[in-house]
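A.B. asks: Sharing a structure with you now.
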Amino acid sequence: MKQYPVAVRLASAAGAVVVLAMAAYVGWAREPRTFRLPPPLQAGLNDIKLMASGIGGAPPEAFFAMGKPYEAGSFELSQGKRLYSWFGCAACHGDGQGGKGPSFIDGWWLYGPGLVSIVASIRDGRPHGMPAFRDKMTADEIWQLAGYIKSLGAYSAHLSAPGRNDDKSPIPAENRAPAEILFDPGPTPHHPDQGPTP
Amino acid sequence: MRSKLNLRAGGLLLALPLCGCNGTQSALHAEGQAATALKGLILLIVLVCALVWIAVVGVLFWALLRRRTEFAAGNKIHDHRLRLAVYSALAATAIIVAGLTVASFYATRALYSSHPPDVIVQAKAQQWWWQFTYADSENRPLFQTANELHIPVGKDVLITLEALDVIHSLWIPALAGKQDMIPGRRNEQRLHAERQGIYRGQCAEFCGIQHSHMALVVVAEDEDDYAAWLAEQQKPAADPITAEAEAGRAVFLGKPCAACHTIRGTAAKGSTGPDLTHIGSRQTLGAGLLPVTRGSLAAWIADPQTLKPGNNMPLVPLSSDEVRQVSAYLEGLR
Amino acid sequence: MMGQLLRNSSLVLPPLVWAVSLQMGEIMPYADCGRGSSLTGWIAFAAATFAALGCCMLWLVRTRSLNTNARFVDHVGLITGPVFTFALLMQGAAALLIDPCAH
Amino acid sequence: MTKDDPILTPRDTDIADAELHARLMRTWTSPPGLWAAIATVDHKVIARRYIATAFVFLILGGILALAMRLQLSRPEARYISPDRYNQIFTMHGTNMMFLFAVPVMEAMAVYLVPLMVGTRNIAFPRLNAFSYWMFLGGGLLLWLSFALDTAPDVGWFAYVPLSGPEYGPGKRADLWAQMITFTEIAALAVAVEIVVTVFKQRAPGMSLDRVPVLVWAMLVMAFLVIFAMPAIMFASSTLILDRLVGTQFYNPAKGGDALLWQHLFWFFGHPEVYIIFLPAVGMVSTILPTFVRRPLFGYMLLVGALIATGILSFGLWVHHMFVTGLPRVGESFFTASSMAIALPAGAQIFCWLATIWAGKPVFRVPFLFVLGFIVTFVLGGLTGVMVASLPFDTQVHDTYFVVAHFHYVLVGGAVFPLLGAVYYWFPKMTGRMMSERLGKLSFWLIFAGFHLTFFPMHILGLIGMPRRIYTYQPELPWAGLNLFVSLSSLVLAAGFLVFFIDVVRSRRSGLPAGRNPWGASTLEWATASPPPAYNFAHIPVVFSREPLWDEKDALPVTSGLRTDRRELLVTSLAAAIPQARESVPEDSLWPFFAALATSAMLIGSIFTPWAVVWGAFPMAVTLIGWFWPKGTKEEMS
C-alpha cells in the first residue's frame, strides 16, 4: 500500500465529504410521488389533534412518518394547486386574494397560520360559510390542498413551490411568495404572531 | 431480405384478429383516404430501400469473398474502374433519392385538400383524455363528448386541434398520419374514412405520466347511423329509471363529481373532466382504458388512481353503496 | 488575387444559398399563401441556379498549380457543391408541387 | 525562430535515445499520487479516464434499457410504476446521448488526435482536464438525482410546457437542464481543443490532404459541437429562467412560444446525431484500410462527404417537427435536405466497399465490427430516408419505428465502430491485446442480439405502437413482438457483458502488443504502446497519407525541441510548415478547483438565481489561480 501525503489524504477526504453532502442534500430534497396513499396512512392523516379553540394543533404521526411531504414536496404542492381549482375554492377565495371568503395572502389568518388549522378548516368547515370537505376529499387531498394554501400565504419564497401557471395570472407565481409582494399592511400593522411562518 | 421477410411477418401479424373491441391501430391497415395514400408510399419506399440494402450487402459480401488474383493496391487501371463504379453508384443513389423525394412530395399533396370540409369537429387534448365538440352548420357548439369520435363514412371531416395543457398528438393510423396539438397554436387534421369500422387512435407525443393511456376510438358509420348518433347526443341526459340509479344521481350531484363533470339536463356543470351526458353509450372509459360496463364504471369511480396511476381524477370518498348507485346511474346515461 | 476571390466565393456559394433558401422556405409560404404567388419556388430555383453556377465557376477557376492544399480545397468544394445543388433542386420541386397554404 | 542560446538550452538533438527518453520522462510525467493524478494534464490519461467513465455510463444506461424491456415484455405489466418508467426512459436517453455517446467520441478524439497528428499534447491541456471534471460532475448530478427519485421525467428532449413551470413540479426538469449545461461546457471545451490541435499542431509536412480521415472527422465533429451546442445551452438556460425566475420564453399565454423550444432543441439535436456519427465514420475509415491491407479508396470523396454532411446537418432539424403544423412547403424543404444527406452517406459507403473490393481482407475482431457496422448502418440510413420523407413520417413519427431507426443509426452506426475502435486501439492504450476468441463471441452476440432486438421495432411502429409508453393494453397486437424484443435484448446484453469481461481480462493479462500489432499506417503506431507521456521522442515529419506504410524503414523526424521543459511544435494551418516552438502548461490543480466552483454555481442555480451572483466569486478565484503568470517557464519562445 502506497502511503499518500497528508494533503492527498485530506483532499480525498474532502472529496468524499463533498459527494456525501451532495447525496445528503439531494436525499433531503427527495420527492417521491405517490398517487394513491395506502388506506392506513389515509386514516392516520385524519388523526390530527386540534386545540379546543379550533386554532392550532399537532399534526398526526402519519404526517411525520411520511416525512412531512405536504409542506416541502413540490409535487404535493402542485397537486394541491390543482385541487384548489378542481374543488372550486376560487369561487370564494379567488386567486388567493379572497372574495366572499377571506384572503390567504394578507398576512392574517383567522384561525392561525399552522398547517393543522388549515387542514381542520378544510376538513370540518368553519363558521360563516366555509363548508366542510370531509366527505368530498380524501385525507391526503385535504393535506395537499392545505399545504398549497399555506405556501400561497408564505412570506418568503420556499424551494418547494408550484411553478407559475402558463396563463395570465394577476398574482405572482407561488415560488415568488405572492404574499410578500402583495401584502400591504396598511395603517394598522399585521399581527406578527398571526403572520404565516415562511 | 431481412426487411422483406419481416414485412411478411408484419402482414401475418396483421391478419390476426385485431379488429376486436378496440378497433385497429395500424398504419398498414389503411381505411382512410390519407392512410391509403400513405400506405402506398410506405410500401414503395420500403421496397426500394430493401432492394438497395440487398444490393449493398450483396456487393459487400462479394467484395469480401471474391477470389483475389493478385494484390493490386495502387494499380492505376484498377483504381480507375473502381472510381467509375463508385461514381455510377453515386449517380444511381441520386436518381433513387430524387425519385423517392418527388414521390413523397406527391404524397404530401394528396394529404392536403383546400375543399371545404363536410363536417368540422373541434378537438381539445388535455392530460390524459380527448374532448370533442360537435357544432351545427353555423358553427355553434351542439354538444361535447370525450374520447370517442364519430364520423360519417365517405365525407371529409376536419378536426381542429388544440391542446389545453401540454403538447399532445392526434394519431389514428388507420385513417391518417398524426398531427400535434400544441398550446397556443391551432392545427388541423382531415379524416376521410373509406369504410365503416371502429378505429383506435392514441396520443403520440409524450404528455406526462399517463401518456400510455390516452387513446381514443373513432367510429366511422354510414350517414344514417351518424345522423342518429348526432340526434341522440344532442339530447340532455336521460332520467334514471331505477331507484338505484335515481339514488346514484343524487350522490353524483351531492358529491364533488359535479364540480368537474357536466351532465346536461342536471345541475352538474363542471368543465374540468369529460362530459358524461351520454357516457353509457360510449365504447370506452378512461380514454380507451376500459370498456364501459357497470363493473368497470364502479371500479373506476372507486379507485381511479390504481387503474390509471397519476391521472387527474381525484379519489372521491364514497361508500360501496354509493359507488354502486353512481355506476348504475352512469351506465344508464345512454 | 481576383482568381482567389472567385475561387473562395464559388466555394461558399452553394452552402450559403442553400441556407438562405432553407430559411426562406420557412418564411415565404405564409406570404405565398396569402397572395397566391409562388415566390418560395422561385427563390429555391434561383438558389439552385446560383449553387450550380458556383460549382461550374469552381470547376473553371480551380487551381492547376502544384499547391496541393489549394487543389485540395477546390476538390472539397467540387464534392460538396453538387450535394447542395441537389438539395436545392429538390426544394424547388417541393415548392412547385405543394400548396403553400398546406399545413 | 528562437533567441535561446543553443548551447545553454538543452535540446533533443544529438542525444542517445535512452538518455533522451529519461530526460523527456522527467519533464513530461506526472508524479505518483492521487493529488497529482487529479492535477495531470496528459491528454492520454484524461482521455482514458473520459472513456472509462463514459463506458460506465453506457453500462448504467444499458441496465435502464433492460429495465424498460422488462416492463414492456407483457401488456399492462406493473413491474415499474409509470412515474419511475418516465424517469427511466428520460435517463436512458439523456445518459446515452450526453453522458455516453458524445463524451466517448470526444474522448477518443482527445486520445487519438494528438497522436495521429504527431504532437505531444492536446492544445489547452488544462481546459481538457477541466472538461473531464465538468463531465464527471454532470454525470454524478444526473445519476444522484436518479438514485434519489428526483430524476428528470420529461424525456431527453424535455418539451415545454411539460417540462415548464406548471407541468413539471419539483426540481426534476431543472436537474435535466443543468446537467445539459455541465456536459455542454465539457463538450465545447474539448471541441475547441481539437480544432486548435488539428489546425496548429500537426506534424511538419502533414498538409490538409495528408490529414488522416479520423482527424478530419473529429475536426468536423468539433465544429458541429461549436455551432450546435450554444443552441441547447440557450434553450436549457431559458427553461431554467422560465421555471425559476418567471420569464415567459415558452409560455404562449404571455407571448412565448412552445414551438421555439423544439426549434432550439432540434437545431442542436440533429447535428448531435452527426456529432456522434462522424467520429465513427473516421474510425471505420481508419480501421478498414489496416485490415484490407490497402490505402483507403477515395480519400478526397470521404473528406468532402464528411464536410458536406457536417454543413447539411444544420438544415435538417425540422424533420423532427414534421407534425407540428408548420407549412408543408417549408417542411418539405427539410425533406429535400434530409434526402440529400443520402449522397454523402452513400459516398462513404461506396468508398468503403471499394476499399474492401480492392484490398485483401483479414478477418480480425475490429474488422468484424466494421463489417457489422456497414450492414447495420446501411439499414439505419435507409430507414433514415424513410423518416426524412414528410408523409411517411406522419405515420411513423414518435413510434417504435423511429426508436428502431435511431438505434440502428446510433448503435449500428456509432457503437459498433466504437467497439471496433476499442479492440483496435486497446493495444495502443494499454500495451496489451484483447482476446480474439472473446472478441468474436462478443461481436456475434452483439450483432445478432442487436438485430433481433431492434428490427422487430420497425414493425411494432408500423402497426401502431407509439414511443415512450410505459405499457400497452392486452387487446393490442403488440405483446408477442414485445416479448420477443425483450428476450432478444438479453442476448445483446450478454454480448456487452462478454465485451466488458474481455476488457477487464485483457487489461490485466492480455498478450503484450508491441508498437504496431496490426501493421497500421497512421502515426499513433509509430510510438511505444502505451505511448510515453511525451508521445514522440522526436516529432515525426510526414510525406504521405500513410506514413508508416510509405516510410517502412525509419520515419523521418525533426528535432530541436527543448528537453528541460514541455515544448511542442506549432505549424501552419494549411501546409503544416513549422512556425514556432511553444511551451505547454504543466500539471495543475486549478482546473479541478475551477470545475468544483463551476459545479457549485450551476447546482446552486437550480435552487436560487442568486447562486449565479455568489457562485461567480469562487469561480473568479479559481480562474485567477489557473491563469496566474508563473514566470519564465510559461513564456513563449
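Residue numbers (our numbering), protein chains in the order written: chain A, 13 to 210; chain B, 876 to 1209; chain C, 5 to 107; chain D, 24 to 660. Don't be surprised by glycine CBs; every beta carbon is placed ideally from N, CA and C. Only a predicted model underlies this, so the values are computations on that prediction, with no experimental measurement involved.
Taking the alpha carbon of Gln-1109/B as the point to measure from, which residue in His-1153/B, Ala-1021/B, Leu-916/B and Leu-1045/B has its own alpha carbon closest?
C.D. replies: Position 234 of the second sequence holds residue 1109/B. It is His-1153/B.
A.B. asks: Going straight from the alpha carbon of Arg-588/D to that of Ala-381/D, what length do you get?
C.D. replies: In the fourth sequence, counting from the first residue as 1, residue 588/D sits at position 565. In the fourth sequence, counting from the first residue as 1, residue 381/D sits at position 358. Looking at the two C-alpha atoms, the distance is approximately 47 Å.
A.B. asks: Less than 8 Å separating the beta-carbons of Ile-183/A and Leu-171/A?
C.D. replies: For the purposes of this step, residue 183/A is taken as the residue at position 171 of the first sequence. For the purposes of this step, residue 171/A is taken as the residue at position 159 of the first sequence. For Ile-183/A and Leu-171/A, no; Cβs fall outside 8 Å.
A.B. asks: What residues of chain A sit near Gln-1180/B, judged by a beta carbon separation below 7 Å?
C.D. replies: Start at 1 with the first residue of the second sequence, and residue 1180/B comes out as number 305. Result: Phe-47 and Arg-48.
A.B. asks: Roughly how many whole angstroms lie between the Cα atoms of Phe-49/C and His-79/C?
C.D. replies: Here residue 49/C corresponds to residue number 45 of the third sequence, with the count starting at 1. Here residue 79/C corresponds to residue number 75 of the third sequence, with the count starting at 1. Looking at the two C-alpha atoms, the distance is approximately 25 Å.
A.B. asks: Looking only at its chain, what residues have a beta carbon closer than 6 Å to the beta carbon of Ala-670/D, apart from the 5 residues adjacent to it on each side?
C.D. replies: Missing from the structure shown is residue 670/D; chain D here goes from 24 to 660 and no further.
A.B. asks: Given Leu-89/A, which residues of its chain have a CB within under 7 Å of its CB, disregarding the five upstream and five downstream residues?
C.D. replies: In the first sequence, residue 89/A corresponds to position 77, counting from 1. Taken in chain order, the residues that qualify are Gly-159, Tyr-160, Ser-163, Ser-172, Ala-173 and Pro-174.
A.B. asks: Run down chain B in chain order and give the residues with a C-beta less than 7 Å from the C-beta of Met-94/C.
C.D. replies: The residue you call residue 94/C lines up with position 90 of the third sequence. Within 7 Å Cβ-Cβ: Ala-973 and Thr-976.
A.B. asks: Excluding the 5 residues flanking Gly-710/D on each side, which residues of the same chain have their C-beta closer than 6 Å to its C-beta?
C.D. replies: As displayed, chain D neither begins before 24 nor continues past 660, which places residue 710/D out of reach and without an answer.
A.B. asks: Taking Ile-330/D as the query, report the chain C residues whose CB atoms sit under 9 Å from its CB, ordered along the chain.
C.D. replies: Along the fourth sequence, one-based indexing puts residue 330/D at 307. Within chain C, the residues near Ile-330/D are Val-80, Ile-83 and Thr-84.
A.B. asks: Quick one: any contact between the region 1175 to 1189 of chain B and the region 136 to 144 of chain A, if contact means 3 or more CB pairs under 8 Å?
C.D. replies: No: the two stretches stay apart, fewer than three of their Cβ pairs being nearer than 8 Å.
A.B. asks: Give the single residue among Gly-1076/B, Ala-1125/B and Gln-1158/B whose Cα lies nearest to the Cα of Ala-1203/B.
C.D. replies: Start at 1 with the first residue of the second sequence, and residue 1203/B comes out as number 328. Nearest option by C-alpha distance: Ala-1125/B.
A.B. asks: Does Val-111/C come within less than 8 Å of chain D when only Cβ atoms are used?
C.D. replies: Chain C is shown only over 5 to 107; residue 111/C falls outside these bounds and no answer can be derived.
A.B. asks: Return the residue from the list Ser-65/A, Arg-138/A, Gln-91/A and Pro-81/A that minimises the CA-CA distance to Leu-53/A.
C.D. replies: For the purposes of this step, residue 53/A is identified with residue 41 of the first sequence, where counting begins at 1. Ranking Ser-65/A, Arg-138/A, Gln-91/A and Pro-81/A by Cα distance to Leu-53/A puts Pro-81/A first.
A.B. asks: For the region 343 to 355 of chain D, list every residue whose C-beta sits within 8 Å of some C-beta in chain C, in sequence order.
C.D. replies: For the region 343 to 355 of chain D, which is checked against every Cβ of chain C, the residues closer than 8 Å are Gly-348, Leu-349, Pro-350, Arg-351, Val-352, Gly-353 and Ser-355.
A.B. asks: Within the same chain, show all residues whose beta-carbon is closer than 7 Å to that of Gly-462/D, passing over the 5 residues directly before and after it, in chain order.
C.D. replies: The count along the fourth sequence starts at 1 and reaches residue 462/D at position 439. For Gly-462/D, where only same-chain residues beyond five positions count, the Cβ hits under 7 Å are Val-388, Tyr-446 and Asp-525.
A.B. asks: Can you pull the chain D neighbours of Lys-1053/B, defined as C-beta to C-beta under 8 Å?
C.D. replies: In the second sequence, the residue the question calls residue 1053/B occupies position 178. Per Cβ cutoff of 8 Å: Val-346, Thr-417, Gln-418, His-420 and Asp-421.
A.B. asks: Quick check on Ser-86/A: buried or exposed, where buried means 16 or more other Cβ atoms within 10 Å of its Cβ?
C.D. replies: Here the question's residue 86/A lines up with position 74 in the first sequence. By the 10 Å Cβ count, Ser-86/A comes out buried.
A.B. asks: Opposite Trp-1211/B in the DSSP bridges: which residues?
C.D. replies: Past the edges of chain B, shown from 876 to 1209, lies residue 1211/B, and the structure says nothing about it.
A.B. asks: Once you ignore the five residues that flank Phe-616/D on each side, which residues in its own chain have a CB closer than 6 Å to its CB?
C.D. replies: On the fourth sequence, position 593 is the one that residue 616/D refers to. If we look at Phe-616/D and ignore the five residues flanking it on each side, its Cβ neighbours are Thr-645.
A.B. asks: Helix, strand or coil for Ala-41/A, going by three-state DSSP, please let me know.
C.D. replies: Counting from one through the first sequence, the residue named residue 41/A turns up at place 29. Its pLDDT being 48, under 50, Ala-41/A is placed unreliably by the model, and nothing is read from it.
A.B. asks: Taking contact to mean at least 3 C-beta pairs separated by less than 8 Å, is the region 590 to 600 of chain D in contact with the region 622 to 629 of chain D?
C.D. replies: Result no; under three Cβ-Cβ pairs closer than 8 Å.
A.B. asks: Does the CB of Ala-98/C have a neighbour CB from chain B at under 8 Å?
C.D. replies: Along the third sequence, read from residue 1 onward, the residue named residue 98/C stands at position 94. It does; some Cβ of chain B falls within 8 Å.
A.B. asks: Residues of chain D with CB closer than 8 Å to the CB of Trp-928/B, please, in chain order.
C.D. replies: Within the second sequence, residue 928/B is the residue found at index 53, counting from 1. The answer, in chain order, is Val-401, Leu-402 and Leu-405.
A.B. asks: Anyone know if the C-beta pair for Ile-154/A and Val-128/A falls short of 8 Å?
C.D. replies: Start at 1 with the first residue of the first sequence, and residue 154/A comes out as number 142. Start at 1 with the first residue of the first sequence, and residue 128/A comes out as number 116. Taking 8 Å as the Cβ cut-off, Ile-154/A and Val-128/A do not qualify as a contacting pair.
A.B. asks: What did DSSP end up calling Cys-896/B once you bin it into helix, strand or coil?
C.D. replies: Residue 896/B sits at position 21 when you count from the first residue of the second sequence. With a pLDDT of 46 at Cys-896/B, under the threshold of 50, the predicted position of this residue should be treated as unreliable, though the coordinate-derived value follows. Of the three classes helix, strand and coil, the one that applies to Cys-896/B here is coil, per DSSP.
A.B. asks: Below 6 Å CB to CB, which residues in the same chain sit around Ala-41/A once its five sequence neighbours on both sides are set aside?
C.D. replies: On the first sequence, position 29 is the one that residue 41/A refers to. Only weak support is given to the placement of Ala-41/A: the predicted model assigns it a pLDDT of 48, under 50, and the value that follows is read from those uncertain coordinates. Contacts found: none.
A.B. asks: Leu-1165/B by DSSP, collapsed to three states: which one?
C.D. replies: What you label residue 1165/B is simply residue 290 of the second sequence in a count that begins at 1. In this structure, Leu-1165/B counts as strand in the three-state DSSP scheme.
A.B. asks: Can you list, in chain order, the residues of its chain with a C-beta nearer than 6 Å to that of Met-480/D? Leave out the 5 residues immediately preceding and following it.
C.D. replies: As a working mapping, residue 480/D is identified with position 457 in the fourth sequence. Only Tyr-423, Val-426 and Ala-427 meet the Cβ criterion.
A.B. asks: Return the first residue and the last residue of the alpha helix (DSSP H) that Trp-1046/B is part of.
C.D. replies: Numbered from 1 along the second sequence, position 171 holds the residue referred to as residue 1046/B. No alpha helix (DSSP H) holds Trp-1046/B; the beta strand (DSSP E) holding it covers 1043 to 1046.
A.B. asks: Using only the alpha-carbon positions, how far apart do Ala-185/A and Thr-53/C sit?
C.D. replies: Stepping through the first sequence from its first residue, residue 185/A is reached at position 173. Stepping through the third sequence from its first residue, residue 53/C is reached at position 49. The straight-line gap from Cα to Cα measures roughly 54 Å.
A.B. asks: Quick check: the Cα distance between Ala-1079/B and Phe-439/D, rounded to an integer number of angstroms?
C.D. replies: Looking up residue 1079/B in the second sequence gives position 204. Looking up residue 439/D in the fourth sequence gives position 416. Roughly 30 Å between the two C-alpha positions.
A.B. asks: Taking only the alpha-carbon atoms, compute the straight-line gap between Leu-916/B and Leu-376/D and give it to the nearest angstrom.
C.D. replies: For the purposes of this step, residue 916/B is identified with residue 41 of the second sequence, where counting begins at 1. For the purposes of this step, residue 376/D is identified with residue 353 of the fourth sequence, where counting begins at 1. Their Cα atoms are separated by approximately 30 Å.
A.B. asks: Determine, for Thr-1141/B, whether the minimum Cβ-Cβ distance to residues of chain A falls below 8 Å.
C.D. replies: If you number the second sequence from 1, residue 1141/B lands on position 266. No - not a single Cβ of chain A is within 8 Å of the one on Thr-1141/B.
A.B. asks: Around the Cβ of Val-21/C, are there at least 16 other Cβ atoms within 10 angstroms (buried) or fewer (exposed)?
C.D. replies: Taking the first residue of the third sequence as 1, we reach residue 21/C at position 17. Flag for Val-21/C reads buried.
A.B. asks: Check the C-beta distance from Val-341/D over to Pro-104/C and give it rounded, since I have them as a contact under 8 Å.
C.D. replies: The residue you call residue 341/D lines up with position 318 of the fourth sequence. The residue you call residue 104/C lines up with position 100 of the third sequence. Between Pro-104/C and Val-341/D the Cβ distance is about 16 Å, and since that is not below 8 Å, they are no contact.
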